[in-house]
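Note that the numbering used here has the sequence shown beginning at 9, numbered continuously upward.
Before any comments, here is the structure.
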Amino acid sequence: MWTARPYRRNHYRQRRGLGAAVAGATVSNGITSVPSLLVSNSANGLVLSGVLTGAGALTKTGTGNLTLSGANDFSGAPPWPPAP
């Protein structure tokens, strides 16, 4: 289970993130969004196949596809930006 939590560094609030520099990636572990999860995947696709839980927001940036394929207990805001 991977949990995104805020922390402070040099008196500034920071967020932990998850990234991959590969030509497409799959994250199969569970992810808890507390309070928010930012997914940035340039032109490469990203698949989150683990359980996504939490009440935080999910934000996607970049031009690659984001696929949520696992069971979903997510209760936060829907992914942003919405799929076309």
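Ideal Cβ positions, reconstructed from N, Cα and C, are used throughout, including at glycine.
Computed from a predicted structure; not experimentally measured.
Are the CB atoms of aspartate 81 and valine 105 within a distance shorter than 8 angstroms? The first residue shown for the chain is 9 and the last is 92, placing residue 105 beyond what the model contains.
Going by DSSP, name the residue or residues bridged to asparagine 80. Answer by DSSP bridge pairing, in chain order: Leu60.
Under the three-state reduction of DSSP, which class applies to leucine 74: helix, strand or coil? In the structure shown, leucine 74 adopts extended strand secondary structure according to DSSP, grouped into three states.
N-terminal and C-terminal residue of the beta strand (DSSP E) that alanine 51 is part of: Annotation: alanine 51 is outside any beta strand (DSSP E) and is labelled neither H nor E by DSSP.
Given a cut-off of 8 angstroms on the beta-carbon distance, is the pair serine 83 and serine 57 in contact? Against a cut-off of 8 angstroms, the Cβ pair of serine 57 and serine 83 comes out as no contact.
Measure how close the beta-carbons of threonine 67 and glycine 53 come, nearest whole angstrom, since I'm counting them as under 8 angstroms. The Cβ separation is near 17 angstroms, so there is no contact.
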